[in-house]
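A.B. asks: For the sequence shown, full-length UniProt numbering assigns the number 1 to the initial residue and increments by one for each residue that follows.
Heads up, the beta-carbon is just placed ideally off N, CA and C, and yes, glycines get one too.
Below: one structure in structure tokens.
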Amino acid sequence: MPKVTVSEDCTGCGICTSTCPVEVFEIQGDVAVVINEKDCIACLLCVNECAVNAITVEED
Ligand code: SF4
Ligand code: SF4
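See the structure below:
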């Protein structure tokens, strides 16, 4: 299972929540939180779309 993390650089813009095809992220307060890591398919769309490079996806 890929390891998905969001750094403190997140601005809560919500792009990752609309980009991820399997709904790994949810905006809680003003930041993105990883709520569904188990479904991540490591497509890296979120990594490529995040404007502040806050997301890391490590494949195992
Ligand atoms: S796309 Fe990046 S900055 Fe925007 S909510 Fe997701 S992690 Fe945060
Ligand atoms: S790599 Fe793809 S499936 Fe995994 S969290 Fe990012 S957008 Fe979602």
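With a threshold of 8 angstroms (Cβ to nearest heavy atom), would residue 19 be considered close to ligand 3?
C.D. replies: Ligand 3 is not among the ligands present in this structure, which contains only ligand 1 and ligand 2.
A.B. asks: Should residue 24 and residue 10 be called a contact, given that it needs their Cβ atoms to be closer than 9 angstroms?
C.D. replies: For residue 24 and residue 10, no; Cβs fall outside 9 angstroms.
A.B. asks: Regarding residue 24 and ligand 1, is the C-beta to nearest heavy atom distance less than 8 angstroms?
C.D. replies: No, Cβ of residue 24 sits at least 8 angstroms from all heavy atoms of ligand 1.
A.B. asks: Any heavy atom of ligand 1 closer than 8 angstroms to the Cβ of residue 37?
C.D. replies: No; taking the cut-off as 8 angstroms, the Cβ of residue 37 has no heavy atom of ligand 1 nearer than that.
A.B. asks: Is the separation between the beta-carbon of residue 35 and that of residue 47 shorter than 9 angstroms?
C.D. replies: Not a contact, by the Cβ cut-off of 9 angstroms.
A.B. asks: Within the continuous beta strand (DSSP E) that includes residue 56, where are the two ends?
C.D. replies: Taken as a continuous stretch (DSSP letters only), the beta strand (DSSP E) holding residue 56 covers 55–58.
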